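Colleague: Residues 125 to 477 (the working numbering) make up the sequence shown, in order.
The beta carbon of each residue, even a glycine, is placed where N, CA and C say it ideally should be.
Since the model is a prediction, treat every value here as computed from it, not as a measurement.
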Amino acid sequence: RLLYLSPKKLCLVTQVPVLSFSPPRSMEKKVDKKFTWVIKDFSSLQSEKIFSDKFVVSGCKWYISAYPKGYKVDNFLSLYLEVPDYGSLPSDWRRHARYRLIVVNQRSEKLSRQLEVQHWFDVKSSSWGFPSMLSLDEINSKDGGFLVNGELKIAIEIELLEIIGKVEVNGFHLLSSQVESVSRMFEKHPETASEVHLRNPNIRTESHRWFDQNNSKWGFPYMIPLAKIHDKNEGFLVNDQLMIVAEVDVLQVVVTSEKPEETNPLNQQVESVSSIQDSVVEFRARNQHLKTACTNVLLSLTQTLCQTPQELSVDDLVEAGKTLAYMKDSGLEVEWLVKKLNEVKAKKQEQSG
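Written out as structure tokens, the structure is:
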């Protein structure tokens, strides 16, 4: 715990354990920097802990948690900002945020209770906030203005100071430097994002490996987070069954044995095993790696075609055409980029002619 000194009063800032609770699963709301949560029938709530809907700021998901009866304090409302599904984020993720939690006075905003803090969120500290946000006596006061028609209004203003690790935008894991450009691209061409989602429902992980007496197994220790497997919306578990498919392409078999070749069981199995192709391990999940690769290619193409015809060589345009043809064959909706490429080609020919 630490003591946080605001210009108005001394308040306690603390981290709260979140492992024993699960926020509701709902569609994330994209907001600029401010999110508002209206808690209905506040005085009659029986739950120890409640959650807001998830919301997204600068590509980062968040939610607010509240303890209507207080967390480790009596007669206070406790409020926290938390990172949802952090187990599915890259292992090195960190977020530095400055944020202000507000209990809105619905009669006079000047009387609203506001507390501000700056915090680094990471896997060991995914929740941070104020256990003594506002006393229940003040909230329940008839003339207080905080509780109107049984509704309590909570607001939060967030400023992301620094992001380490990848950020999710429309289900695509991106570097923080890519968030703005990708967001603009998807706003202008939402059909491209939806096509990538629909066309790539599986995760495929591939490896090449020599197996021998000293190395009889090989695999992927971080294939997929358990949180994703148990997420009902992801489709991993159906009737409590997890489907795993392994496809193997045997490239070479070296047998050292004194037995005649026709009696060696390894050689008898080569033909049947070799008929399985592609050397992949497949889960029924969203193909995050392929989606990210497609996004990077789209960004690269967009940046290329935004150059002037003088800056682009004929080879650049040929390569761009080949890449677009491949992406179209994969089923992606990229007609807007094809149109842009044709425009650039036409301008290039005019200047050359």
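#1: If contact is defined by three or more beta carbon pairs under 8 Å, each pair taking one atom from either stretch, is the segment 207-220 in contact with the segment 260-280?
#2: Looking at the structure shown, is Thr432 part of a helix, part of a strand, or coil, going by DSSP?
#3: Measure from the alpha carbon of Leu271 to the alpha carbon of each residue in Ala351, Asn466, Ser168, Trp252, then state which is nearest.
#4: Can you name the start and end residues of the alpha helix (DSSP H) that Val462 belongs to?
#5: Beta carbon of Ala351, beta carbon of Ile282: below 7 Å?
#6: Within 10 Å of its beta-carbon, does Glu245 have 16 or more other beta-carbons around it, so buried, or fewer, so exposed?
#7: What's the C-alpha gap between Glu556 and Asp209?
#8: Determine the burial state of Arg333: buried for a count of at least 16 other Cβ atoms within 10 Å of its Cβ, exposed for fewer.
#9: Name, in chain order, the residues that DSSP records as bridge partners for Arg224.
#10: Rounded C-beta distance between Lys173 and Gly274? I'm assuming under 8 Å.
#11: Return the residue from the list Lys196, Lys158, Leu201 that minimises the CA-CA distance to Val181.
#12: List the endpoints of the continuous alpha helix (DSSP H) containing Glu486.
#13: Among Gly343, Tyr204, Asp364, His354, which one has its Cα closest to the Cα of Glu371?
#14: What are the boundary residues of the beta strand (DSSP E) that Leu169 is part of?
Modeller: Here's the rundown:
#1: no
#2: Within the sequence shown, residue 432 is the residue found at index 308, counting from 1. DSSP places Thr432 in coil when its eight states are reduced to three.
#3: Locating residue 271 in the sequence shown gives position 147, where the first residue counts as 1. Among Ala351, Asn466, Ser168, Trp252, the Cα nearest to that of Leu271 belongs to Ser168.
#4: Taking the first residue of the sequence shown as position 1, residue 462 is located at position 338. 459-476 is the span of the alpha helix (DSSP H), which, as asked, contains Val462.
#5: For this step, residue 351 is matched to residue 227 along the sequence shown. For this step, residue 282 is matched to residue 158 along the sequence shown. It is not a contact, given that the beta carbons lie outside the stated cut-off.
#6: Taking the sequence shown and counting its residues from 1, the one referred to as residue 245 is at position 121. The amino acid at residue 245 is misidentified as Glu; the sequence shows Phe. Buried.
#7: Residue 556 lies beyond the stretch modelled for the chain, which goes from 125 to 477, so this question has no answer here.
#8: Position 209 of the sequence shown holds residue 333. Per the 10 Å Cβ criterion, exposed.
#9: Translated into the one-based positions of the sequence shown, residue 224 becomes position 100. DSSP output for Arg224 lists Glu240, Glu281 as bridge partner(s).
#10: For this step, residue 173 is matched to residue 49 along the sequence shown. For this step, residue 274 is matched to residue 150 along the sequence shown. Not confirmed; about 19 Å, so no contact.
#11: Taking the sequence shown and counting its residues from 1, the one referred to as residue 181 is at position 57. Checking every option, the nearest Cα to that of Val181 belongs to Lys158.
#12: Nothing about residue 486 can be reported from this structure: the residues present for the chain run from 125 to 477 only.
#13: Position 247 of the sequence shown, counted from the start, is the residue given in the question as residue 371. Of Gly343, Tyr204, Asp364, His354, the residue nearest in Cα terms is Gly343.
#14: Working through the sequence shown from its first residue, we reach residue 169 at position 45. Segment: none, Leu169 is in no beta strand (DSSP E) and carries neither H nor E.
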